[in-house]
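Right, one structure below, let's go through it.
Numbering (our numbering), first residue to last: 562 to 689.
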């Protein structure tokens with residue numbers, strides 16, 4: 562599980578695979594394929610992807626809907642994202658995720674610190 566997916570999960574968002582920008586109909590792992598009735602599948606597919614705007618004003622949408630390999634998050638958004646991440650921090654497991662992130666809480670705390678620093682210095686967070 563990726564860090565972004567875990568943050569979304571503990572923050573109470575739907576699975577990211579169903580969200581705008583992530584949803585690809587028929588993709589491997591498509592949860593809709595397990596729905597037993599064709600009419601239900603059709604109705605669900607017509608409702609997907611789930612739009613991020615439904616979760617406003619949660620500042621995590623800025624982070625979760627953002628690319629993790631390019632672009633920037635503006636410094637004005639950093640403090641509100643940091644505060645929201647602080648709320649979900651205790652919900653993260655205090656263990657290694659067996660991936661490149663390492664310990665969920667430690668890495669998230671480090672990211673929170675970086676967000677606060679970016680806000681204080683009025684510098685954007687750059688993803689590359």
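Yeah, the Cβ is synthetic: ideal placement off N, Cα and C, and Gly gets one too.
Tell me the residue span of the alpha helix (DSSP H) that contains residue i.
i           : result
residue 672 : 665-682
residue 693 : Residue 693 cannot be examined here, being either before or after the span of the chain that is shown, 562 to 689.
residue 567 : 564-572
Need the endpoints of the beta strand (DSSP E) that residue i sits in, please.
i           : result
residue 634 : 632-634
residue 662 : It is not in any beta strand (DSSP E) - residue 662 carries neither H nor E in the DSSP assignment.
residue 686 : 686-688
Candidates the options: which alpha carbon is nearest residue i's?
i           : options            : result
residue 623 : 667, 657, 581, 681 : 581
residue 668 : 657, 616, 678      : 657
residue 579 : 605, 562, 563      : 605
At a Cβ threshold of 8 Å, is residue i touching chain C?
i           : result
residue 665 : Of the protein chains in this structure there is only one, and it is not chain C.
Just list the residues that DSSP pairs residue i with in beta bridges.
i           : result
residue 611 : 580
My guess is that residue i and residue j are in contact by the Cβ rule of under 8 Å, so how many angstroms apart are they, rounded?
i           : j           : result
residue 639 : residue 679 : 5 Å
Can you say whether residue i is buried or exposed, counting buried as having 16 or more other CB atoms within 10 angstroms of its CB?
i           : result
residue 612 : exposed
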